[in-house]
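See below for the structure under consideration.
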Amino acid sequence: MSILSAKYFHDEAAAFDHVESILWENGPVCPHCGGVERIYTLKNVTGKTGKVRHGLRKCGQCRKQFTVRIGTIFEESHLPMHKWLQAIYLMVSSKKGVSAHQLHRTLEVTYKTAWFLAHRIREAMRSGELAPLGGNGKAVEADETYFGKSDDQPTTRTDGTPFKSRNRRGPSGKRAVVGLVERGGSVRTFHVDKASKSNVAEIVATNVNRESVLNTDESKLYVEIGREFAAHETVMHSGNEYVRGDAYTNTIEGVFSIFKRGMKGVYQHCSEKHLHRYLAEFDFRYNNRIALGVDDKARAACALEGVKGKRLTYRRTSELGAI
Numbered sequence: 001m002s003i004l005s006a007k008y009f010h011d012e013a014a015a016f017d018h019v020e021s022i023l024w025e026n027g028p029v030c031p032h033c034g035g036v037e038r039i040y041t042l043k044n045v046t047g048k049t050g051k052v053r054h055g056l057r058k059c060g061q062c063r064k065q066f067t068v069r070i071g072t073i074f075e076e077s078h079l080p081m082h083k084w085l086q087a088i089y090l091m092v093s094s095k096k097g098v099s100a101h102q103l104h105r106t107l108e109v110t111y112k113t114a115w116f117l118a119h120r121i122r123e124a125m126r127s128g129e130l131a132p133l134g135g136n137g138k139a140v141e142a143d144e145t146y147f148g149k150s151d152d153q154p155t156t157r158t159d160g161t162p163f164k165s166r167n168r169r170g171p172s173g174k175r176a177v178v179g180l181v182e183r184g185g186s187v188r189t190f191h192v193d194k195a196s197k198s199n200v201a202e203i204v205a206t207n208v209n210r211e212s213v214l215n216t217d218e219s220k221l222y223v224e225i226g227r228e229f230a231a232h233e234t235v236m237h238s239g240n241e242y243v244r245g246d247a248y249t250n251t252i253e254g255v256f257s258i259f260k261r262g263m264k265g266v267y268q269h270c271s272e273k274h275l276h277r278y279l280a281e282f283d284f285r286y287n288n289r290i291a292l293g294v295d296d297k298a299r300a301a302c303a304l305e306g307v308k309g310k311r312l313t314y315r316r317t318s319e320l321g322a323i
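Heads up: the sequence shown begins at 1 in full-length UniProt numbering, then just goes up one per residue.
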């Protein structure tokens with residue numbers, strides 16, 4: 001039986017119960033005063049439109065009403081909770097993502113609503129993890145990639161020939177992404193204006209434990225920062241060398257491959273100012289993958305846990321550009 005046949009994907013009361021079971025594991029908490037005692041359930045209360053207000057509570061301490069939506073990405077959304085749960089499941093279970101157009105058709109909502117809810121869900125997927133990757137001799141791969149077209153840089157010269165940057169730092173006019181992955185563990189990707197030596201060094205130094213074995217290609221971007229680690233292994237891609245014992249960057253290249261296929265085949269038109277959220281989405285799915293024992297249902301629950309304390313208004317998204 002498909003997980004999408006679960007009652008909480010189709011019944012609003014069941015949807016609220018499901019979200020509450022994850023966000024209020026130890027019972028309701030008033031978002032206004034933090035009270036946990038004397039929380040009353042209000043049943044059969046209708047709103048201005050005559051619809052039942054599911055999951056409505058009242059705090060006996062501050063006397064204010066609330067639902068599990070408050071203080072989450074669901075706050076002030078008129079979209080039924082069960083459709084939110086459908087959208088979350090579709091986004092976490094699809095390896096290369098789901099476009100706003102597909103959500104618009106599947107959920108039977110406007111494109112604007114689908115686009116906005118997708119960005120809210122990506123915001124919930126963003127990790128606040130600060131612990132460095134690797135450590136104790138673990139292998140961490142670092143690499144950079146370029147794709148698409150930058151919003152503000154040309155890709156050709158005035159005579160029509162390709163415009164390429166110097167010092168082998170990637171093609172000018174492309175969007176640059178730096179990625180780090182711990183083998184058998186998590187990935188972190190970062191959008192940078194330019195994959196310069198200083199930018200790359202700062203990202204690696206901040207996010208990788210110094211006791212790790214750093215694995216990169218022969219790029220000069222990593223020569224200096226590589227000296228700060230337990231070891232720095234490189235492979236010479238220019239000489240058709242891709243694996244030498246435990247020295248390789250195949251893992252991070254695989255991550256980039258999935259990301260690029262998703263951006264080209266699913267999302268197609270992404271504003272550069274939203275790129276960090278798309279990266280967070282792909283990072284989330286990789287860091288909660290089957291190989292780590294996380295199935296689609298558990299991955300959706302992980303995404304739900306991330307909705308707390310994250311608000312994303314339409315103004316914040318629209319003023320940054322659109323896909």
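A virtual CB, placed ideally from N, CA and C, is assigned to each residue, including glycine.
Per DSSP, the beta-bridge partners of ASN215 are GLU141 and GLU233. Between PRO31 and the set GLY137, GLY135 and THR72, the nearest pair of CA atoms involves THR72. Cα atoms of HIS54 and LYS43: separation of roughly 8 Å, rounded to the nearest angstrom.
Here HIS18 is buried, its C-beta having at least 16 other C-beta atoms within 10 Å. CA-CA distance, ILE258 to VAL29, rounds to 39 Å. Your pair TYR111 and ALA100 checks out as a contact, with CB atoms roughly 6 Å apart and the cut at 8 Å. Per the Cβ contact rule, the stretch 204-218 is not in contact with the stretch 287-294 (fewer than 3 Cβ pairs under 8 Å). Taken through DSSP and simplified to helix, strand or coil, TYR222 comes out as helix. Here the stretch 113-129 lies against the stretch 81-96, with 3 or more beta-carbon pairs under 8 Å apart. Cβ contact annotation for ALA301 (same chain, cutoff 7 Å, sequence separation greater than five): ILE22, in chain order. Around the beta-carbon of SER271, fewer than 16 other beta-carbon atoms lie within 10 Å, marking it exposed.
Shown here, ALA247 sits in a strand according to DSSP, grouped into three states. Note on geometry: alpha-carbon atoms of LEU221 and VAL213 lie some 16 Å from one another. When secondary structure is reduced to three states using DSSP, LYS64 falls in the coil class, being assigned neither helix nor strand.
As far as DSSP is concerned, TYR242 takes part in no beta bridge. Excluding its 5 nearest sequence neighbours in each direction, GLY60 has C-beta neighbours in its own chain below 8 Å: GLY35, GLU37, ARG38, ILE39 and TYR40, listed in chain order. In the DSSP assignment, LEU292 falls outside any beta strand (DSSP E), carrying neither H nor E. Among the bridge pairs identified by DSSP, VAL177 is matched with THR145 and HIS191. Distance check between VAL200 and each of LEU180, GLY245 and LYS83 places LEU180 closest, using alpha-carbon atoms only. Here ASN136 is exposed. Its C-beta has fewer than 16 other C-beta atoms within 10 Å.
Burial state of MET236 is exposed, judged by a 10 Å Cβ sphere holding fewer than 16 other Cβ atoms.
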